[in-house]
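Enquirer: Residue numbers (this note's numbering): 23 to 148.
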């Protein structure tokens, strides 16, 4: 596994671990130790890469949305309506985890991700 693939794998693992814990615990009741144990990553990894659980969600959401933005970069003939439809389709595919994040009080992270996508599309004349 390349260093980039390992980085993506660990980010996915810690994000999934957080989602798993959110199914049964309130965000404020989750400890770094709980998360690292659930995600099978070290505490050193967590502290070296993140300053908060919000940052984990934000980075994962940004990674997920980069594949969506690559669609825009590679297909200039796609219009704004098609791009926004694709965005909401992606979000619909992740509805269960999105609801977990909303219920955990992480709505601001989702709004921030949407804002980044919208600004990107506007700045690139979509």
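Note that CB positions come from ideal geometry on N, CA and C, so glycine has one too.
In this text, all values refer to a predicted model and were calculated from it rather than measured experimentally.
Under a Cβ-count criterion, where at least 16 other Cβ atoms within 10 Å of its own Cβ denotes burial, should residue 75 be classed as buried or exposed?
Expert: buried
Enquirer: Please name the residue, chosen from 38, 131, 81 and 77, that lies closest to residue 63 on a Cα-to-Cα basis.
Expert: 38
Enquirer: For residue 123, which three-state DSSP category applies?
Expert: helix
Enquirer: Would the stretch 24-34 count as touching the stretch 100-112 if we require 3 or more Cβ pairs under 8 Å?
Expert: no
Enquirer: Going by the CB atoms, is the gap between residue 41 and residue 122 shorter than 7 Å?
Expert: yes
Enquirer: So, under 8 Å CB-CB, residue 134 and residue 50 are touching, yes? Tell me the CB distance rounded to an integer number of Å.
Expert: With a Cβ gap of about 20 Å, residue 134 and residue 50 do not count as contacting.
Enquirer: Taking the C-alpha atoms as reference points, what is the distance between residue 126 and residue 89?
Expert: If you take the alpha carbons of residue 126 and residue 89, they lie about 25 Å apart.
Enquirer: What are the boundary residues of the alpha helix (DSSP H) that includes residue 53?
Expert: Run containing residue 53: none; DSSP gives neither H nor E here.
Enquirer: Indicate the three-state DSSP secondary structure (helix, strand or coil) for residue 45 in the structure shown.
Expert: coil
Enquirer: Give the range of the alpha helix (DSSP H) segment to which residue 139 is assigned.
Expert: 129-145
Enquirer: Name the residue from 130, 104, 147 and 35 whose alpha carbon lies nearest to the alpha carbon of residue 60.
Expert: 35
Enquirer: Classify residue 77 as buried or exposed, calling it buried when 16 or more other Cβ atoms lie within 10 Å of its own Cβ.
Expert: Classification for residue 77: exposed.
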